[in-house]
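Worksheet: the structure to be examined is printed underneath.
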């Protein structure tokens, strides 16, 4: 058996030894570039140009009251932490709020998860009175049930008025993980933001394809590609205002400190802190950076269609 295994290995080593040194040099250079480029880009976005209006538009950075709308306790730190910290940490005058549509009672630990959520909010800089996990009979955590989107719309609108919200961040249509509850939240909030004239500006977190989700910072160059000229402009001449056409997309990255805060926030969810989640907190792009898109108003979409 050892001989059978040794022979293919010997042939592989022999084949590799025949590869020209020039090829090996290029392989090493490309490997170094694949490591260094994402690190450099993350450093640029997190530390140097992250506050520029072309990457983080004034609708978010200058909001008075920001609302994050999610489906379950721990969504806020598993997916949205770079956005939450990117705004609240840069502008301490912004008041953050978290509206969670269920207490995550799929396995019967909803009350515990609701309690844990408070600790996560504290770590993220969200006040206790604006850290809400609902327990509505029609919005129970269930990976097989599509929630009542009309009900979600009404709940969101109530909290928008109650807390005087002027910016919202939520899931996009893919729900990041594809969870049916996440997608229902997205459908409801997207409809509300597009057709309700009283709705504040709303951004959705982009869902990445599975191979891109668990690459740490490896996916950042590809994600940042549409922002290339904005990053160059931000390095050349920083701006606090931006062209309206640049306000439709957001790119925000965690500093090392904010990444540690993200881990601290998730550590406040001990009932969910399994080995695979611990690995997720290292590998997932969503704990390192977020890219968001603004939901256009229905009238904007109509004008765009007519204009084209």
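Residue numbers (our numbering): 124 to 431. Just so it is clear, CB atoms sit at the ideal spot from N, CA and C, and this is done for glycine as well.
Check                                                                                                                : Outcome
Cβ pair residue 365, residue 215 closer than 7 Å                                                                     : no
Contained beta strand (DSSP E) runs [length at least 3] in the region 201-277, N- to C-terminal order                : 218-223, 254-256
Length at least 3, wholly inside the region 380-429: the beta strand (DSSP E) runs in chain order                    : 412-417
Rounded separation between residue 417 and residue 344 - CA only                                                     : 21 Å
Whole-number beta carbon distance between residue 404 and residue 386, since they are thought to touch under 8 Å     : 6 Å
Rounded distance between the beta-carbons of residue 206 and residue 108, thought under 8 Å                          : What is shown of the chain runs 124 to 431, which leaves residue 108 out entirely.
With 16 other Cβ atoms within 10 Å as the buried cut-off, status of residue 276                                      : buried
Entirely enclosed beta strand (DSSP E) segments - the region 276-330, minimum 3 residues                             : 290-294, 324-328
Proximity winner among 279, 283, 338, relative to residue 310 (alpha-carbon distances)                               : 279
Collapsed DSSP secondary structure at residue 184 in the structure displayed                                         : helix
Three-state secondary structure (DSSP) of residue 364                                                                : coil
Residue 407 versus residue 350: straight-line alpha-carbon distance, rounded                                         : 21 Å
Local Cβ density within 10 Å of residue 273, reported as buried at 16 or more and exposed below that                 : exposed
Other residues of its chain near residue 427: CB distance less than 8 Å, five sequence neighbours each side excluded : Since pLDDT at residue 427 reaches only 48, below the 50 mark, its modelled position is unreliable, and no value is offered.
8 Å contact criterion, which residue 175 and residue 361 should meet: CB distance rounded                            : 5 Å
Bridge partner(s) assigned by DSSP for residue 375                                                                   : 413
Residue 149 to residue 249 span [Cα, whole Å]                                                                        : 48 Å
Identified DSSP bridge partners for residue 192                                                                      : 222
Delimiting residues of the alpha helix (DSSP H) encompassing residue 357                                             : 351-359
Distance CB(residue 247)-CB(residue 220) smaller than 7 Å                                                            : no
Burial state of residue 397, where buried means 16 or more other Cβ atoms lie within 10 Å                            : exposed
Supposed contact pair residue 377 and residue 208 - C-beta distance, whole angstroms, cut 8 Å                        : 7 Å
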